[in-house]
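For the sequence shown, the positions run 1 to 599 when the UniProt record's numbering is used. Data first, discussion second: the structure below is written as structure tokens.
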Amino acid sequence: RGGGTRPQFTTKPSIKQRGKSIVFECNLLADPLPDITWSKAGQTIENSDRYAITCQSSGQNHLLSLEIKGVTANDGGEYKVSGKPPKFLEKPSIAQVGDNIEMKCVIEAQPMPRITWFRGDSQISTGGKITISCDPGPQPDSYVLLLVIRSPGPDDSGSYRCNVVNEAGESNASLTLNMSQAPQPSGTPPNFIEKPRIEREGDNIRITCICKGDPAPTFTWYRGESVMTSGGRYSISSTNSGIEYTLVLLISNFTAEDGGQYRIVAKSGLGEANATVSINTQMQQPEQQQEPPPQLVGKPQIKVQNNGRVVVIEIRVKSLNRPEAKWTHEGVAIGNGGRYFMDMTRDGDSYVVVLEIDELNNSDNGMYNSPQTKPGEAPKVVTPLSAATGQVSECVEFRAQISGSEPVSVEWRVAGRKVSTSRNYQLVYASGVATLRLLRLTKADQGEVTVEFSNAFGKTSSSARLTVEEPPKPKKPEEDEKQEPKSDKEKLIEDFLSVLDEPSVEQDADGPAAEESIGQTKSGAQHSAPPKSQQKEEPIGKKNAAPKESAPPQAVEEAVDKAYAPPRYSAKPLPEYVEMDRKKAEEEDGEPKSSHRCA
């Protein structure tokens, strides 16, 4: 380190009045004398007719003064004198970048310092395989200093020093390069800081991963063992904020065939990391990597405020995602509200859990247990919606059950429309069960019914089809069926039965004889009747006797079948009355007749 004295003020500033002027004075010990700046309310003051800036030095002691002439009320305010010597903001580093070695320092200085690099006691400068640079840093008055050695070898090993000097002071940083062993690259190896998130957006599935890495990693998506690229139904995107990268895979029009394992691999010169997620064919909450349980870090911090009337208890919990926390007092759970205020904020990879108790009293004495924490759980569908069918004006109910951390927000959509409790819809959610009742169906309700659940840890959804039918119309009286015309056989059976059903009519002994031997049925068919001489007379006392019992239908049908048999000749003797009729006909015609009968 070089010689000199770091600047420091040895006395408090003083204010003196000289006539109509005001003089500010202070003593500074420094070697060398830094660049001195006076300012008012952040505005730098320069030498002018009203302002006189002077410095009287004696060795390392310096008397600094600012005189304001003709002071007015507008000159009131805060005045400041400063000098900013060089200061290293972070530890110097050595990194391998490709085939080169890079030595890096970050400093703060005002004004800009003079920079000198040394190897051992020898000053080095840009030339050959050496490049030296100075660029503005991320903060005001900061600078990034680099010494790059291209294609270094063992001869480049040794001790290096960066010397920075300005009017306010001097500072040095030393680095040691050992080329017998390749230096370890600096930066942050790839690391997925959250488990993958899977979200359903209508018919699409979105997978989101967050990864840190420096230098920037390369990212590759896989489905099974196959590399995925953007195109068709797949969209791959990446955005970053500093060294944090948000990676998204969007699958459009998700189907059962898209189920399976998806993996993203992040690679850089510092290492490799990957994240895996499985999506089932039911499009419910995919299986995700197991999250480690939250861990308490350190001891609880207790702070007393407001003259003992307020107590604040703080607990630090390490967790990948926001955990659930519960406080208890003497074994009894404490709720947020009233005299109790609960809060949780993220700090790096941990969460700070706070319990504040206002208006302390004797009842607050006792044991307060550390919050019982557990990982938050995104909603997961346990019982999905089922398809339903109903008629116009009927009532239909949809129901789904989930698991996950409360509180849970529930949103219903019917045929693409967001619905809420009204005259036509009733929405209920309790203990993980969501119910939608469509109290009076309309044709506009037909379509997809979707319920979406969300909490602080994620969201999921379930869908089912609703079919709305028109009510059946009243049936009109059917016209009498036209009866097919009856066959001759059916007519003959019907007429024969009707004849048998008629009461017998008998003539008195002195009544007129039957005039015809052939009668006609109602259907017009003829049947033979024996001559009167063959008819058996009944006693007069039986004239009004009941009609004879009709023949059974089966016997009638058999008789009709015989009547419809084709005629045939028979050698059997004919009945007497038939024979007599045949002979009479022969005598009249003079020709013999063939005899026949109905079998």
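Glycine included, C-beta positions come from ideal geometry on N, C-alpha and C. As the structure is a prediction and not an experimental result, all values here were calculated from the model.
Let me check understanding here. Comparing Cα to Cα, which of the options lies closest to residue i?
| i | options | result |
| --- | --- | --- |
| Ala95 | Lys87, Phe88 and Lys104 | Lys104 |
| residue 606 | Val144, Glu452, Lys20 and Thr44 | Since the first and last residues shown for the chain are 1 and 599, residue 606 lies out of range. |
| Pro471 | Asn172, Lys443 and Gly335 | Lys443 |
| Ser171 | Gly187, Thr116, Ile357 and Ser386 | Thr116 |
| Val392 | Val410, Ser403, Leu439 and Asn365 | Leu439 |
| Val310 | Pro293, Lys326, Arg263 and Leu360 | Leu360 |
| Arg465 | Ser21, Val449 and Asn274 | Val449 |
| Gly458 | Val353, Gln401, Asn321 and Trp38 | Asn321 |
| Thr11 | Asn306, Glu25 and Gly242 | Glu25 |
| Pro293 | Asp31, Glu394 and Lys318 | Lys318 |
| Asn27 | His62, Ile53, Ile45 and Lys20 | His62 |
| Cys134 | Met228, Ser125, Thr126 and Leu146 | Leu146 |
| Asn240 | Ile251, Gly232, Gly231 and Phe219 | Phe219 |
| Gln401 | Cys395, Ile124, Val419 and Leu436 | Leu436 |
Suppose you measure from the CA of residue i to the CA of residue j; what does that come to, to the nearest Å?
| i | j | result |
| --- | --- | --- |
| Val382 | Ser405 | 14 Å |
| Asn253 | Ala388 | 23 Å |
| Leu355 | Glu194 | 27 Å |
| Ile36 | Ile101 | 38 Å |
| Ser386 | Gly298 | 50 Å |
| Glu90 | Gly42 | 26 Å |
| Gly158 | Asp349 | 38 Å |
| Asp141 | Phe88 | 12 Å |
| residue 607 | Leu296 | The structure shown does not extend to residue 607, since the chain is modelled only from 1 to 599, so the question has no answer here. |
| Val414 | Thr255 | 21 Å |
| Pro407 | Ala430 | 11 Å |
| Lys16 | Pro7 | 24 Å |
| Ile22 | Thr44 | 18 Å |
| Val352 | Pro215 | 30 Å |
Tell me the DSSP bridge mates of residue i?
| i | result |
| --- | --- |
| Asp347 | Ser350 |
| Thr383 | Gln401 |
| Leu250 | Arg206 and Ser235 |
| Asn61 | Leu29 and Ser58 |
| Gln43 | Lys40 |
| His149 | Checking the sequence shown, residue 149 turns out to be Ile, not His. DSSP output for Ile149 lists Ile101 and Ile130 as bridge partner(s). |
| Gln8 | Leu29 |
| Ile357 | Val311 and Tyr340 |
| Ile334 | Trp327 |
| Arg271 | Residue identity differs from the one stated: residue 271 is Gly in this sequence, not Arg. Answer by DSSP bridge pairing, in chain order: Ser268. |
Classify residue i as helix, strand or coil using the three-state DSSP reduction.
| i | result |
| --- | --- |
| Ala95 | strand |
| Glu538 | Because the pLDDT at Glu538 is just 48, under 50, the model does not fix this residue reliably, and the value given afterwards should be weighed accordingly. Coil at Glu538, not helix or strand. |
| Ser363 | helix |
| Glu102 | strand |
| Asp156 | helix |
| Asp258 | helix |
| Glu67 | strand |
| Pro530 | Any reading at Pro530 needs caution, since the residue's pLDDT is 49, under 50, leaving its predicted position unreliable; the model's value is listed next. Pro530: coil per DSSP, three-state reduction. |
| Asn280 | coil |
| Asn74 | helix |
| Lys418 | strand |
| Ala216 | coil |
| Lys491 | helix |
| Lys195 | coil |
| Ala444 | helix |
| Asp135 | strand |
| Pro85 | strand |
| Gly519 | Bear in mind that a pLDDT of 41 at Gly519, under 50, signals an unreliable position, so the model cannot answer this. |
| Glu244 | strand |
| Ala430 | strand |
| Cys162 | strand |
From which residue to which residue does the beta strand (DSSP E) around residue i run?
| i | result |
| --- | --- |
| Lys188 | In the sequence on display, residue 188 carries Thr and not Lys. Here the beta strand (DSSP E) through Thr188 covers Thr188 to Phe192. |
| Thr460 | Gly458 to Glu469 |
| Met228 | Ser226 to Met228 |
| residue 606 | The displayed coordinates of the chain run from 1 to 599. Any statement about residue 606 would go beyond what the structure contains. |
| Leu296 | Gln295 to Gln305 |
| Ile115 | Arg114 to Arg119 |
| Gly390 | Ala388 to Gln391 |
Let me check you understand the geometry: is the CB of residue i closer than 8 Å to at least one non-hydrogen atom of the ligand PLP?
| i | result |
| --- | --- |
| Ser174 | In terms of ligand content, the structure shown is empty, and the ligand PLP therefore cannot be addressed. |
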